[in-house]
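Enquirer:
There are 2 protein chains.
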Amino acid sequence: MHFVIHRDRFVHSVQHVTKAVSSRTTVPILTGIKIVATNEGVTLTGSDSDISIESFIPVEEDDKEFVKIVEEGSIVLQAKFFAEIVKKLPEEQIEIIVQDQFATTLRSGSSVFNLNGLDPEEYPRLPQIEEENIIRLPQDLLRNIIRQTSFAVSTQETRPVLTGVNFTIENSELTCTATDSHRLAMRKAIVETNNENLSFENVVIPGKSLTELSKILEESDSLIDLVVTESQILFKLKNLLFFSRLLDGKYPVTKNMIPTHSKTDFVIKTKPFLQTLERALLLSREGKNNVVNLKTLENGVVEITSITPEVGKVTEKVQSMEANGEDLRISFNGKNVIDALKVIECDEIHIVFTGAMSPFVIRPTDNDHSLHLFSPVRTY
Amino acid sequence: MHFVIHRDRFVHSVQHVTKAVSSRTTVPILTGIKIVATNEGVTLTGSDSDISIESFIPVEEDDKEFVKIVEEGSIVLQAKFFAEIVKKLPEEQIEIIVQDQFATTLRSGSSVFNLNGLDPEEYPRLPQIEEENIIRLPQDLLRNIIRQTSFAVSTQETRPVLTGVNFTIENSELTCTATDSHRLAMRKAIVETNNENLSFENVVIPGKSLTELSKILEESDSLIDLVVTESQILFKLKNLLFFSRLLDGKYPVTKNMIPTHSKTDFVIKTKPFLQTLERALLLSREGKNNVVNLKTLENGVVEITSITPEVGKVTEKVQSMEANGEDLRISFNGKNVIDALKVIECDEIHIVFTGAMSPFVIRPTDNDHSLHLFSPVRTY
Chain A
1 MHFVIHRDRF VHSVQHVTKA VSSRTTVPIL TGIKIVATNE GVTLTGSDSD
51 ISIESFIPVE EDDKEFVKIV EEGSIVLQAK FFAEIVKKLP EEQIEIIVQD
101 QFATTLRSGS SVFNLNGLDP EEYPRLPQIE EENIIRLPQD LLRNIIRQTS
151 FAVSTQETRP VLTGVNFTIE NSELTCTATD SHRLAMRKAI VETNNENLSF
201 ENVVIPGKSL TELSKILEES DSLIDLVVTE SQILFKLKNL LFFSRLLDGK
251 YPVTKNMIPT HSKTDFVIKT KPFLQTLERA LLLSREGKNN VVNLKTLENG
301 VVEITSITPE VGKVTEKVQS MEANGEDLRI SFNGKNVIDA LKVIECDEIH
351 IVFTGAMSPF VIRPTDNDHS LHLFSPVRTY
Chain B
381 MHFVIHRDRF VHSVQHVTKA VSSRTTVPIL TGIKIVATNE GVTLTGSDSD
431 ISIESFIPVE EDDKEFVKIV EEGSIVLQAK FFAEIVKKLP EEQIEIIVQD
481 QFATTLRSGS SVFNLNGLDP EEYPRLPQIE EENIIRLPQD LLRNIIRQTS
531 FAVSTQETRP VLTGVNFTIE NSELTCTATD SHRLAMRKAI VETNNENLSF
581 ENVVIPGKSL TELSKILEES DSLIDLVVTE SQILFKLKNL LFFSRLLDGK
631 YPVTKNMIPT HSKTDFVIKT KPFLQTLERA LLLSREGKNN VVNLKTLENG
681 VVEITSITPE VGKVTEKVQS MEANGEDLRI SFNGKNVIDA LKVIECDEIH
731 IVFTGAMSPF VIRPTDNDHS LHLFSPVRTY
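Those protein sequences? They're chains A and B, same order as listed. Heads up, the first sequence is in this note's numbering, so the first residue is 1 and it goes up one at a time. Heads up, the second sequence is in this note's numbering, so the first residue is 381 and it goes up one at a time.
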């Protein structure tokens, strides 16, 4: 193998595939990045067997030459060193040559690295994906969906299926749901599909995969394809493939959890309410339970309090814009509500309660494609 | 105690004094910030007994009113909560009222915090400083001196006196020295003194104190006074006092360590040489010894190499601008030299060697008030 490559473009690709590489793998070759040079260009692969990322650098694109292939071939190089080395090389071009025994030379200006490579034949093959079920949506929409749901996945391994985000599709409507059983975040979107009858229910993507993917997604409306199979999902971008395994197990049916009636509800400005809760959390955090209390007063005023006996107490009144229904006193996990308010883009929210001991719902007032559900906390 | 204070000014002062507060103190009251209100203004104090910081907010300054004192008094409040609370308060003004039993109310807009205070009488007194020995220099110069020396202090407690920076003064020349016994950083400066015969040798300021101080110092040429006593140093800024204890023990005499002759020397561009060493360090870091090898070649070319057998090898040639003396092969701790090159502001450095087994010196070419000394590493 022997090629000369444009450094910045190469560094960009190396950084992408490195996101999939874990130093704590049980498969030694997976600590490396696989590099394959063909006459079309250079392909890089990183994987921790849960996530695999493949990035392609074409020989030429938009009339710009990125790679000069001298000899085709392949090699695996230690990701940890390789990613740092290429970033620090001095010149605009990098020359990479593989000799006998996988001995690899990197040359840039007067800087010469001789690295011990690994046998590329030992590197596992990427999953073979049947392109039968395809969803297509803009990158920035997918990024938003991830941001507005994945924070709510469970971090505990007691119910592994809850550490992922559930993707379902019916009538071209994608519904993404995350819950840790105390709170739930749900986001819907209309998407393109390759088949208008496409429908699935139990696709659960690990939260960690989505977090890594969203670091790669750009704030652009260029399209991304999601190819769904039984055990894998493939995200297809231009020159980049992102594979993730799916989680096993049956995701709980969440549709029926969402209350449809209301006993008390109010509309309130998102940001001031968020800041009030953040101040209340300063004290409730100490008790480690994050309990914040809400009480409705007269004329649509809402009182937020929290207390840690050793430290003190905070009380704050907020004026709601519209309030209906019964008087209410309720306690909840303030941190969970704050997490949700942070991802809501609308200036106003509508909160609907169904009693002090029942779940309550927060929705932005400007659309009905997202929803947040919370269990109250019992206080004594 | 009862006063109303301008929030941003108050937050600024709270952040300063919080730098001295440690959560791991054996004296419980030191987890708090002491607040004293008099008719002149509000004084805040934080301390971990090694460092104490006092910040004063005058009632009025430059025709601007910062505080309205309703009733004089004092209180101690938990630093951890207090600092976060004041930062998050909603309005421009904060009202603070102490009632019975040190119960304290903070009010800002509709937000009301009731905090349990502590008895201010239990808070230790700050050290009494005799203002006999005073040095005066610009803030930004002191900041530079700290940046160019304190990185070289020892991090090991085996010789505690080496964890500090040695300040000596003679004929109005301040000399600051830090060494961990493998490398040494030295910086001189002409300063004002209150007494032209002022001279001291064994003032050793803990590196940690200087690091905290330099976060408070501003990029300004306004003057700062250093008041030196037997066991304490006081840094006096407008509205701020910073006290640090001095380290016990005799600081080693370093003057004689600095070689005065030369066997090999060259002048080289600082930044390219730094980048070459950073690339070499990528591989030597793995072996944890950070060993980098330097070899002089013909025509003033310098070759830098490093090797980690399991990973690989890096070789790079750099052209020096001027080279004299014998051929040389030497190995050294690359990280130590990098640390020094990062704080040198001059574009060119002069390196003087006295043989492969003897210490070598790096100096900027544009001044003779700073110097870096390194021991070589023996390689086999």
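In this text, a Cβ means the ideal position worked out from N, Cα and C, and glycines have one as well. Quick caveat, the model's predicted, so the values are computed rather than measured.
Could you give the DSSP three-state label for A:Asp100: helix, strand or coil?
Expert: Helix at A:Asp100.
Enquirer: Take the Cβ of A:Glu212 as the centre, count every other Cβ of all protein chains shown within 10 Å, and call the residue buried at 16 or more, exposed below.
Expert: It counts as buried.
Enquirer: Can you check whether the C-beta of A:Asn279 is within less than 8 angstroms of a C-beta belonging to chain B?
Expert: Strictly speaking, residue 279 of chain A in this sequence is Arg, with Asn absent from that position. Answer yes: the Cβ-Cβ gap between A:Arg279 and chain B drops below 8 angstroms somewhere.
Enquirer: Could you work out which residues of chain B lie near A:Gly312, taking near to mean beta carbons separated by less than 7 angstroms?
Expert: The contacting residues are Phe493, Asn494, Leu495 and Asn496.
Enquirer: Give the secondary structure of B:His386 by DSSP, where H, G and I count as helix, E and B as strand, and everything else as coil.
Expert: Reduced to three states, the DSSP call for B:His386 is strand.
Enquirer: What is the DSSP secondary structure of A:Asp140, counted as helix, strand or coil?
Expert: Three-state DSSP puts A:Asp140 in a helix.
Enquirer: I'd like to know whether the C-beta of B:Ile718 is nearer than 8 angstroms to at least one C-beta of chain A.
Expert: Not one chain A Cβ lies under 8 angstroms of B:Ile718.
Enquirer: Would you mind stating whether A:Ser262 and A:Thr179 have Cβ atoms separated by less than 8 angstroms?
Expert: No, these two residues do not count as a Cβ contact at 8 angstroms.
Enquirer: Any beta carbon of chain A sitting closer than 8 angstroms to that of B:Thr695?
Expert: Cβ-Cβ to chain A under 8 angstroms: yes for B:Thr695.
Enquirer: DSSP has A:Ala37 in a bridge; who is on the other side?
Expert: Answer by DSSP bridge pairing, in chain order: A:Val42 and A:Gly73.
Enquirer: From the DSSP secondary-structure annotation, give me the bridge partner or partners of B:Ser432.
Expert: Bridge partners of B:Ser432: B:Ser427 and B:Phe623.
Enquirer: If the cut is a Cβ gap below 8 angstroms, which residues of chain A does B:Phe461 touch?
Expert: Here the neighbours are Leu282, Leu283, Glu286, Val311 and Gly312.
Enquirer: Using a Cβ-Cβ cut-off of less than 7 angstroms, list which residues of the segment 465 to 490 of chain B approach chain A; keep chain order.
Expert: Within the segment 465 to 490 of chain B, the qualifying residues are Ile465, Lys468, Pro470 and Ser490.
Enquirer: On the criterion of 16 or more Cβ atoms from any shown chain inside 10 Å, does B:Ser403 qualify as buried, or is it exposed?
Expert: Looking at its Cβ environment, which holds fewer than 16 other Cβ atoms inside 10 Å, B:Ser403 is exposed.
Enquirer: Can you give the Cα-Cα distance for B:Lys649 and B:Leu674, rounded to whole angstroms?
Expert: Computed Cα separation, rounded: 16 angstroms.
Enquirer: Which whole-angstrom value is the C-beta distance of B:Ser594 and B:Ile638, which I expect to be below 8 angstroms?
Expert: Actually they are not in contact, since the Cβ atoms of B:Ser594 and B:Ile638 sit about 26 angstroms apart, beyond 8 angstroms.
Enquirer: Provide the residue(s) that pair with A:Glu92 in DSSP beta bridges, ordered along the chain.
Expert: In the DSSP output, where bridge partners are listed per residue, A:Glu92 has none listed.
Enquirer: Whether or not the segment 406 to 421 of chain B and the segment 455 to 474 of chain B are in contact is what I'm after, with contact meaning three or more pairs of Cβ atoms, one per stretch, closer than 8 angstroms; do they touch?
Expert: Cβ pair count under 8 angstroms is three or more, so yes.
Enquirer: Between B:Glu434, B:Lys468 and B:Gly714, which has its C-alpha nearest B:Val757's C-alpha?
Expert: Closest by alpha carbon: B:Gly714.
Enquirer: Please report the straight-line C-alpha distance between B:Ser750 and B:Glu599, rounded to a whole angstrom.
Expert: Their backbone Cα atoms lie some 20 angstroms apart in a straight line.
Enquirer: Run the CB neighbour count on B:Cys556, radius 10 Å, all protein chains shown included, and call it buried at 16 or more, exposed below.
Expert: By the neighbour-count rule (16 or more Cβ atoms within 10 Å), B:Cys556 is buried.
Enquirer: Please decide whether B:Gln655 counts as near chain A, where near means a Cβ-Cβ distance under 8 angstroms.
Expert: Closer than 8 angstroms to some Cβ of chain A, the Cβ of B:Gln655 qualifies, so yes.
Enquirer: Can you name, in chain order, every residue of its own chain whose Cβ lies under 7 angstroms from the Cβ of A:Gly41, other than the five neighbours on each side?
Expert: Excluding sequence neighbours, A:Gly41 sits near Phe56, Ile57, Pro58, Val59 and Val67.
Enquirer: Go through the segment 527 to 552 of chain B residue by residue and report every complete run of the beta strand (DSSP E) that reaches 3 residues or more, in order.
Expert: Complete beta strand (DSSP E) runs here, min 3: 544 to 550.
Enquirer: Does the separation of the CB atoms of A:Leu226 and A:Ile216 fall below 8 angstroms?
Expert: No, they are not a contact pair.
Enquirer: Quick one: which chain B residues come within Cβ less than 8 angstroms of A:Gln78?
Expert: The contacting residues are Val691.
Enquirer: Would you mind reading off the limits of the beta strand (DSSP E) that contains A:Phe332?
Expert: From DSSP, the beta strand (DSSP E) with A:Phe332 extends over Arg329 to Asn333.
Enquirer: Mapping the DSSP letters down to three states, classify A:Leu297 as helix, strand or coil.
Expert: Coil at A:Leu297, not helix or strand.
Enquirer: With H, G and I counted as helix, E and B as strand and the rest as coil, what does DSSP make of B:Leu495?
Expert: Looking at B:Leu495 - three-state DSSP - the assignment turns out to be strand.
Enquirer: Give me, in chain order, the residues of the same chain whose beta-carbon lies closer than 6 angstroms to that of A:Ser209; leave out the 5 immediate sequence neighbours on both sides.
Expert: If we look at A:Ser209 and ignore the five residues flanking it on each side, its Cβ neighbours are Ile51 and Ser244.
Enquirer: Can you tell me whether B:Thr688 is buried or exposed, with buried defined as 16 or more other CB within 10 angstroms of its CB?
Expert: The residue in question, B:Thr688, is buried, as its Cβ has 16 or more Cβ neighbours within 10 Å.
Enquirer: Can you list, in chain order, the residues of its chain whose CB lies under 7 angstroms from that of A:Asn114, leaving out five sequence neighbours each side?
Expert: Same-chain partners within the cutoff: Ala103 and Thr105.
Enquirer: A:Ile224 lies in the alpha helix (DSSP H); which residues open and close that run?
Expert: Taken as a continuous stretch (DSSP letters only), A:Ile224 belongs to no alpha helix (DSSP H), being part of the beta strand (DSSP E) at Leu223 to Val228.
Enquirer: Find out if the Cβ-Cβ distance for the pair B:Thr535, B:Val545 is shorter than 8 angstroms.
Expert: No, the Cβ-Cβ distance between B:Thr535 and B:Val545 is not below 8 angstroms.
Enquirer: Which residue wins for smallest C-alpha separation from A:Val311, given the options B:Gln458, B:Leu564 and B:Ile724?
Expert: Measuring from the Cα of A:Val311, the nearest candidate turns out to be B:Gln458.
Enquirer: Return the first residue and the last residue of the beta strand (DSSP E) that A:Pro364 is part of.
Expert: Here the beta strand (DSSP E) through A:Pro364 covers Phe360 to Pro364.
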